[in-house]
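Encoded as structure tokens, the structure appears first; notes follow it.
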Amino acid sequence: MDDFTLVLDVTQDPLSEDAATESCARTLSLVHCIPDDVAVLDRQGRTIFFNHLPAGRTVDEILGCPYVDFLAVEHRHVFDRACRDALETCRTQEVEVESTTGRWWHCHLVALSEYGEDQHLLIIARDVSERKQVEEILLEREHRYRLLLHAVTSYTYCVQLSHGLPVATAHSPGCFTTTGYSQEDFTSDPYLWINMVHRKDQDKVRRFVERILAGERVSPLEHRIIHRSGAVRWIRNTVVPHYEDGVLMRYDGVVEDISERKAAEMALQAREAGLLAAQRIQSHLLPEAPRTLVGCDIAGASQPADFTGGDYFDYLALSDGSTAFVVGDVSGHGLGPAIVMAMIHAHLRALAKIDHDLSAMVASANRFLIEENETDVFVTVFLGALDPTTRVFRYVNAGHPAGYVLDREGRVKACLESTSFPLGIVADAEFAAGVPRELEPGDLVLLLTDGITEARSPAGEMFGIQRTLSLVRENRELPSDEIVRLLYEAVREFSAGEKLSDDMTSILIKIEPWS
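First residue of the sequence shown? That's 21 in the numbering used here, and the numbers climb one at a time after it.
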């Protein structure tokens, strides 16, 4: 808004004085009639003149009060700064501010160089609330459109042909989200369609286009592109040809961003490969046949709850002629735990050839696991050994569920409880041996993992150790492998077809009568 000055001729002529008074009255009348709000502020920002009385306010509430009091708090600093600039530079300043009533005002601030003795400020404020509302609506719509555009992970394109060669290509706006390039980018660079393709996929994309131009019907093609950001994206390109009199005139395409699906597929493939590797490792670790020991009937079995399990068992020939029995449970499932299982399996087998001290063997395996394993996997292990001549059973239980010795009547003769920490937790842990037990004809030793006792029914009830011992007791006259089979069948029946939450592993040793 241009600056203006109200000039009055105030000569001593009484007629001129009357004319000046009349002119001022007319000017004030005009000011009161204009629709804009007009106010004059003194140098301290107080209102000394206004043309419109705001609704709900009195004259006393306006005159002498700071003008900024009528503005929203967050806009007062901006308004004060504009006022100072207008007074200091004597140039008109413009600012948009919100009032305490929620209305928006576009204000022109004009310094009045002569208004009495001090410099004052003229404010001409126009209500622009409706315009601001329209702007906000437009901004919101633009924001929603941009969100929608960025959410769309597919776009269409059309290739026009002339004499069998492409002459024009059009892309829908979604191409920018999917590729990072706009329609203008594709227009300015006619080779962008192939240059943005991952170099390992360019040959098959060229063959894909050649087949289309040759009039062949082609299946959708999935390949990689390099997004403008440098990221590798996977797309699926589906083409629909259009013919006129048997001549291909154009083809339309739909490009879908399938990066998330591909990532999920590759993750699934990697997981399946890891599980397959873990399963192969586990299958090579488990004994191929029951251990043969004079005077004993031995059976062992492991059934994973998933594709691969974390349990294992083994039979070892110790250096003193004893036979060792190992039952272990590695935390977790998959390739990592399977590798840990293989490490412990190999280490214990190597130790068995040179040692027969169970505590020392478990301590060595523990140190090896902590030194060689960088994960937080731990292993519970029950390592027992039976002397075939004395039939003394000694053991170390490293954080594993208790084993049980039952007599010929099925009564619990001994509980072989844990004697130390699991492996992989404390580097210098000591693994004390439990009290040796002399086994008698008819005795039965049961070693197991918690996947058996902690199996749950659909109602959430655990199978428990008492059911386990009762089943073994009731079938103690059967061969060991038959007892193990019946135990696993009972657990599955108890779970009523529900997927088991953990692996089931056990070893059963029956002491036969003296020969």
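Glycine is no exception: its CB is placed at the ideal position from the N, C-alpha and C atoms.
Skipping 5 residues on each side, what residues in its chain have a beta carbon closer than 6 Å to that of residue i?
i	result
A434	V425, R457
R244	H218, D221, V252, W254
T176	S192, V274
G200	H247, R248, S249
A190	C178
S351	V397, F398
E308	none
Give me the residue from the options with the minimum Cα distance to residue i.
i	options	result
A362	P324, L338, L306	L306
I54	D147, D105, K152	D147
A447	C316, A385, R428	A385
L506	R487, K224, I278	R487
A319	D349, I531, E81, L91	I531
D56	L73, G454, L159, R66	L73
Q139	E242, C316, Y332, C103	C103
D436	G454, V267, L313	The question names Asp, yet the displayed sequence has Leu at residue 436. Of G454, V267, L313, the residue nearest in Cα terms is G454.
F20	W125, I144, D100	Any question about residue 20 goes unanswered here, given that the chain covers just 21 to 535.
K152	G122, P210, L129	G122
A234	V492, I503, H262	H262
E114	R161, L129, E308, R512	L129
Classify residue i as helix, strand or coil using the three-state DSSP reduction.
i	result
C110	coil
G471	helix
S490	helix
R151	helix
L498	coil
L464	strand
Y87	helix
G423	strand
G273	strand
H95	helix
Y508	helix
N577	As shown, the chain starts at 21 and ends at 535. That puts residue 577 outside it, with no answer to give.
I527	strand
Q323	strand
K373	coil
T67	strand
K433	strand
H367	helix
E264	strand
P357	helix
F333	strand
E450	coil
L132	strand
V382	helix
R428	coil
F398	coil
M216	coil
T409	coil
A287	helix
L159	helix
F345	strand
Whose C-beta lies closer than 8 Å to the C-beta of residue i among residues of the same chain, with five residues either side of it excluded?
i	result
S521	A325, G471, E474, A475, R476
V238	F228, R231, I232, V259
V432	Y424, V425, L426, L489
M482	T473, E474, A475, R476
A188	V179, Q180
L107	R63, A131, Q139, L141
For residue i, collect the residues of the same chain with a Cβ closer than 7 Å to its Cβ; drop the 5 residues on either side in sequence, then sort them by chain order.
i	result
L338	A344, A372, H376, A405
D340	H376
Q323	Y508, D523, M524
P478	A516, E518
R311	I318, Y335, T343
T90	It should be pointed out that residue 90 corresponds to Phe in this sequence rather than to Thr. Contacts found: S119, T120.
D205	L212
I278	E242, W254, I255, R256
T25	Confidence is the limiting factor: at T25 the pLDDT is only 39, short of 50, which leaves the residue's position unreliable, though a coordinate-based value still follows. Taken in chain order, the list of residues that qualify is empty.
D100	V88
V314	P408
I374	S339
Please check the pair residue i and residue j, which I expect to be a contact at CB under 8 Å, by giving their CB distance rounded to whole angstroms.
i	j	result
V347	T525	6 Å
E276	R256	5 Å
A1	S379	In this structure the chain extends from 21 to 535, so residue 1 is not present and cannot be described.
F441	N417	Contact doesn't hold; Cβ gap of about 11 Å is too wide.
V98	V117	7 Å
G430	R493	3 Å
H367	F388	5 Å
Output yes if chain D places a C-beta closer than 9 Å to the C-beta of residue i; else output no.
i	result
V432	You won't find chain D in this structure, because it holds only one protein chain.
Review point. Quick check: the region 389 to 409 against the region 486 to 497, are there 3 or more CB pairs under 8 Å?
Key: No: fewer than three Cβ pairs fall under 8 Å.
Check your understanding: How about the region 406 to 420 and the region 453 to 467: do they share at least three Cβ pairs that are nearer than 8 Å?
Key -> Under the three-pair Cβ rule at 8 Å, the region 406 to 420 counts as touching the region 453 to 467.
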